[in-house]
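Sequential numbering of the sequence shown, starting at -12, is according to our numbering. Ideal Cβ positions, reconstructed from N, Cα and C, are used throughout, including at glycine.
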Amino acid sequence: MASLKTFIIARVLALIPTMLILVTLVFFVMRVLPGDPVIAIVGMRAPAERVIELKKKLGLLDEAGNPVPLPIQYLNYLSRLVRGDFGRSLIWGKRPVLVEIMEHFPATVELAIAGFIVSIILGLVLGSLGGWMGGKTSSAVKTYGAITYALFIPWIGMLFQLFFAVWLGVLPVAGRIDTGLEPPTITGLYLIDSVITGRWDSFMSALRHITLPAITLGLVISGVFTRVTRTS
-12 MASLKTFIIA RVLALIPTML ILVTLVFFVM RVLPGDPVIA IVGMRAPAER VIELKKKLGL
48 LDEAGNPVPL PIQYLNYLSR LVRGDFGRSL IWGKRPVLVE IMEHFPATVE LAIAGFIVSI
108 ILGLVLGSLG GWMGGKTSSA VKTYGAITYA LFIPWIGMLF QLFFAVWLGV LPVAGRIDTG
168 LEPPTITGLY LIDSVITGRW DSFMSALRHI TLPAITLGLV ISGVFTRVTR TS
């Protein structure tokens, strides 16, 4: 268990440089892509004053209308991210991006928890079998861990959708719950809210909808826990 705890802590700490690298890549890739994002927002026929005004709001121009140096833009970009200012959505009515994120955050948390539970169960069971039985079983578990660790989640998800939702028709292909069965919002997590309010029809619907994505996510992550459990 000590090695598992060390592994989890190391992974969490590794998120910091990973996120910094990710946001840096996003920033500079958006700057080198052809075209003018401001023109894409306001349109080709927008007045020059409107274009300049928006560029100032986006931090591309200073108050005097001069271009802001790229390093300064990058630092301002990081500063806004730290403050929770992610800008406005160009798709959903120019709403704040943070509002969009928070609206979908409960679904993300629910899926993360469900996937984590699946991965823990698979990892502990298979890792323990490999550690106790040894021999070919241990080698098979080791191979399983290596394969699942390298799996591409969207590809596995599409295969599961094709097999369980399209061919067999036993599980829904998308969504969180059947229309009209949404439980009263308490936590935003449909499974928990359904239990709290006693809406078992909603619970079963939410459980059916989360099964495929949870298994997909848990299967890929389980390889890590399998490896750690087997070596422990």
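> Using 8 Å as the threshold, is the region 131 to 151 in touch with the region 172 to 184, meaning 3 or more CB pairs across them?
Replying inline: No, because fewer than three Cβ pairs between the region 131 to 151 and the region 172 to 184 fall closer than 8 Å, the two stretches do not touch.
> Looking only at C-alpha atoms, which of K123, H91, L155 and Y61 sits nearest to N8?
Replying inline: A small correction: the amino acid at residue 8 is Ile; Asn does not occupy that position in the sequence shown. Ranking K123, H91, L155 and Y61 by Cα distance to I8 puts Y61 first.
>> Taking its Cβ as the centre, do 16 or more other Cβ atoms sit within 10 Å of K(-8), making it buried, or is it exposed?
In response: exposed
> For R75, does the three-state DSSP call read helix, strand or coil?
Replying inline: strand
> What's the gap between the Cα of G144 and the Cα of L204?
Replying inline: 8 Å
> Which residue's Cα is closest to the Cα of L113: F15, E169, A(-3) and I208?
Replying inline: I208
>> Using 8 Å for Cβ pairs, my map puts P93 next to G167. What's the rounded Cβ distance?
In response: Incorrect: roughly 19 Å between the Cβ atoms, too far for contact.
> Would you report the Cα separation of G110 and L206, rounded to the nearest angstrom?
Replying inline: 9 Å
>> Taking contact to mean 3 or more Cβ pairs, one atom from each stretch, closer than 8 Å, check whether the region 63 to 73 and the region 145 to 156 are in contact.
In response: no
> Do L41 and I28 have their CB atoms nearer than 8 Å?
Replying inline: yes
>> Per DSSP, what are the beta-bridge partners of P200 in this structure?
In response: According to DSSP, P200 bridges with nothing at all.
>> Along the chain, where does the alpha helix (DSSP H) containing F147 start, and where does it finish?
In response: I140 to F147
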